[in-house]
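Working notes, beginning with the structure itself.
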Amino acid sequence: MFTLKSLPFAKNSLEPHMSEKTLDFHYGKHHQAYIDNLNKFLESSEMNTWSLEEIILKTANKSEQSAIFNNAAQVYNHEFFWNCLSPKSEDRIISDELLSMINSAFGSLDDFYEQFKAAALGQFGSGWAWLVKGDNGLEILKTANGDNPLTHNLKPILALDIWEHSYYLDYQNRRGDFIDAVMKNLFNWNFAAKNII
Ligand code: FE2
Numbered sequence: 007m008f009t010l011k012s013l014p015f016a017k018n019s020l021e022p023h024m025s026e027k028t029l030d031f032h033y034g035k036h037h038q039a040y041i042d043n044l045n046k047f048l049e050s051s052e053m054n055t056w057s058l059e060e061i062i063l064k065t066a067n068k069s070e071q072s073a074i075f076n077n078a079a080q081v082y083n084h085e086f087f088w089n090c091l092s093p094k095s096e097d098r099i100i101s102d103e104l105l106s107m108i109n110s111a112f113g114s115l116d117d118f119y120e121q122f123k124a125a126a127l128g129q130f131g132s133g134w135a136w137l138v139k140g141d142n143g144l145e146i147l148k149t150a151n152g153d154n155p156l157t158h159n160l161k162p163i164l165a166l167d168i169w170e171h172s173y174y175l176d177y178q179n180r181r182g183d184f185i186d187a188v189m190k191n192l193f194n195w196n197f198a199a200k201n202i203i
């Protein structure tokens, strides 16, 4: 049985970049619905004692288990995503180690922003953009619907939800403005630094 974890920030603290109203729906309705659906699907399943990660890895790419996979992955993705956001200016400071990995993978922080935005804009329809760590350092990954880095054997470092429910109330069709606002004003680089270890 999974439950909705508390947000790591106050719902109005990300304004004006992400409104309390967006979080009321995105966290309170969409994220909650993924949890409720997952619990319902797990009621009569042997998977009901498994961890979220185990459920995701065991049901990935199995069409008969796509409903469980989609909901489990979306629960994982949203829990991860909320931790990628912070209203605190000190969370905008990038550690020397992480910055050096970014420079080596993408050229510079600005190059990373540019490439991350291009990936997030280029994801057709619903999905996610990720900064991930693979065998050869940092990479950018875009995934469709609920898919995530775990199924690609990659470690998530930062995530951006680019489903329309993530930005439509605040930005309507302007996905690019939403991406810029989150990358530059809300990304929690302290959380990202913990994930590279
Ligand atoms: Fe979402």
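If you number the sequence shown the way the numbering used here does, the last residue is 203 and the count never jumps. Ideal placement from N, C-alpha and C gives every residue a C-beta, glycine not left out.
Three-way DSSP call (helix, strand, coil) for residue i in this model
{"i": "Leu20", "result": "coil"}
{"i": "Leu91", "result": "strand"}
{"i": "Glu49", "result": "coil"}
{"i": "Ile128", "result": "Checking the displayed sequence, the identity of residue 128 turns out to be Gly instead of Ile. Gly128 falls in the helix class under three-state DSSP."}
{"i": "Phe193", "result": "strand"}
{"i": "Ile99", "result": "coil"}
{"i": "Leu115", "result": "helix"}
{"i": "Thr9", "result": "coil"}
{"i": "Ile41", "result": "helix"}
{"i": "Arg180", "result": "coil"}
{"i": "Ala198", "result": "helix"}
{"i": "Asn54", "result": "helix"}
{"i": "Ile61", "result": "helix"}
{"i": "Ala187", "result": "helix"}
{"i": "Ser25", "result": "coil"}
{"i": "Asn76", "result": "helix"}
{"i": "Phe86", "result": "helix"}
{"i": "Lys35", "result": "helix"}
Residue i and residue j closer than 8 Å at C-beta
{"i": "Asn196", "j": "Asp97", "result": "yes"}
{"i": "Gly143", "j": "Ser114", "result": "no"}
{"i": "Asn191", "j": "His23", "result": "yes"}
{"i": "Leu48", "j": "Ala198", "result": "no"}
{"i": "Leu63", "j": "Leu156", "result": "yes"}
{"i": "Cys90", "j": "Asn194", "result": "yes"}
{"i": "Trp134", "j": "Asp167", "result": "yes"}
{"i": "Lys161", "j": "Val138", "result": "yes"}
{"i": "Lys123", "j": "Ile185", "result": "yes"}
{"i": "Trp169", "j": "Thr149", "result": "no"}
{"i": "Glu85", "j": "Lys11", "result": "yes"}
{"i": "His32", "j": "His158", "result": "no"}
Check: residue i C-beta below 7 Å from any heavy atom of the ligand FE2
{"i": "Asp167", "result": "yes"}
{"i": "Ser172", "result": "yes"}
{"i": "Phe158", "result": "For clarity, residue 158 is His in the given sequence; the question names Phe instead. His158 Cβ: outside cutoff for every heavy atom of the ligand FE2."}
{"i": "His32", "result": "yes"}
{"i": "His23", "result": "no"}
Cβ distance (whole Å) where residue i is taken to contact residue j below 8 Å
{"i": "Ala215", "j": "Leu58", "result": "Lying outside 7 to 203, the shown extent of the chain, residue 215 is not represented and no answer is given."}
{"i": "Gly152", "j": "Asn83", "result": "6 Å"}
{"i": "Phe87", "j": "Ala165", "result": "5 Å"}
{"i": "Phe6", "j": "Ile41", "result": "An answer regarding residue 6 cannot be provided, because it is not within the stretch 7 to 203 covered by the chain."}
Task: Residue ranges of each alpha helix (DSSP H) within the segment 123–171, 4 or longer - done: none
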